Amino acid sequence: MALSAEMIGIVGPALAAGFMIILIHVPLGIAVLRRGIIFIDLAIAQIAGLGALVMGVTWEASPWWSVQMGALFSAFTAAYFFHLVERYAPERQEAVIGCGFVLAASTSILILSGQPHGDETLEKLLSGQLLFAGWEEILVHAPVYLFIFAVWFLRPHMRQGIWFYLLFSTAITSSVQLAGVFVVFSSLIAPALGAARFAKTRMELAIAYGVALTGLLSGFGAALWSDLPLGPVLVCCFMLAALAAGIWPVRRVSEAGG
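Structure (structure tokens):
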């Protein structure tokens, strides 16, 4: 696809949204992987999407802030519940998180089953419409990401306990509305997984950001070149970038040993 001026105008805010997402998803994903609660992002993303969906279906032509509040309330409720499970029944936490995701996804399908454009709405929730993000949405969500980024690196003690869950759910609430559930999961877990062999070293964060940036830019390029949906292409590119980052050091070590 040729990059006309109109296309550049569309890609600009979408790419800015992608940069905002990976800016905070990379450190959050590393924390999630260390905690061993891999599916919490899927669960909270789906639950936040369910909250936004309920607001949109209940009140037609809902203002954006009401949808945002519905998503945020649902995400905070789920985050607090998962925090309680971690505190009182940690051995069951991953199972509870998985059940939460399936329950929220099934409820979303039931709500949309009677809607005239239910299939399109469900696809938007899962795959997102990042390519159609506008500068207005960027201006709404940018302060949220910058606040979380600042708190994460300037107040390390807030990475623990209930604060972690609140920061995490706030980020996911914005991300799922911009990019959809699948991109949220892959942009959180794939970079952290690609950098896992460098865990607890100075290289871990840099490698994870490299994986995320590679996946993001190659995903945009591949989607524009092929005219395929951006969301699924981004998921594939994040995973491939993580795979490349994970395999390359092993190959170098084995060659050195041979």
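Counting in my numbering, the final residue of the sequence shown is number 453, and the numbers go up one at a time with none missing.
C-beta atoms are modelled at their ideal positions from N, C-alpha and C, and glycine is treated no differently.
This one's a predicted model, so the numbers in the text were calculated from it and none came from an experiment.
Residue interval of the alpha helix (DSSP H) (run including residue i)
| i | result |
| --- | --- |
| residue 359 | 356-374 |
| residue 237 | 235-253 |
| residue 333 | 330-349 |
| residue 411 | 398-421 |
Same chain, Cβ closer than 6 Å to residue i, neighbours up to 5 away in sequence not counted
| i | result |
| --- | --- |
| residue 291 | 280 |
| residue 370 | 216 and 379 |
| residue 429 | 378 and 414 |
| residue 273 | 239 and 242 |
| residue 446 | Summary for residue 446: the model assigns pLDDT 47, below 50, so the residue's position carries little reliability; its value from the coordinates is reported in the next sentence. Hits under 6 Å: none found. |
| residue 261 | 250 |
| residue 330 | 208 |
CB contact flag (residue i, residue j, <9 Å)
| i | j | result |
| --- | --- | --- |
| residue 295 | residue 247 | no |
| residue 418 | residue 332 | no |
| residue 410 | residue 433 | yes |
| residue 302 | residue 245 | yes |
| residue 404 | residue 386 | yes |
| residue 252 | residue 320 | no |
| residue 396 | residue 263 | no |
| residue 225 | residue 412 | no |
| residue 323 | residue 376 | yes |
Candidates the options: closest to residue i by CA position
| i | options | result |
| --- | --- | --- |
| residue 442 | 414, 389 and 397 | 389 |
| residue 426 | 437, 327, 219 and 436 | 327 |
| residue 269 | 206, 319, 219 and 363 | 363 |
| residue 220 | 391, 344 and 358 | 344 |
| residue 339 | 398, 264 and 365 | 365 |
| residue 276 | 356, 393, 396 and 394 | 356 |
| residue 336 | 312, 214, 349 and 206 | 214 |
| residue 381 | 408, 254 and 310 | 408 |
| residue 393 | 229, 297 and 254 | 229 |
Contacting residues, own chain, Cβ-Cβ under 8 Å from residue i (five flanking each side not counted)
| i | result |
| --- | --- |
| residue 233 | 227, 289 and 384 |
| residue 282 | none |
| residue 347 | 219, 222, 223, 353, 354 and 362 |
| residue 284 | 291 |
Own chain partners of residue i with C-beta closer than 7 Å, once the 5 adjacent residues on each side are dropped
| i | result |
| --- | --- |
| residue 372 | 247 and 266 |
| residue 406 | 385, 386, 389, 390, 436, 437 and 440 |
| residue 300 | 241 |
Chain D contact for residue i (CB, 9 Å cutoff)
| i | result |
| --- | --- |
| residue 291 | Of the protein chains in the structure, only one exists, and it is not chain D. |
Continuous beta strand (DSSP E) assignments of at least 3 residues falling wholly in the segment 263-327:
none
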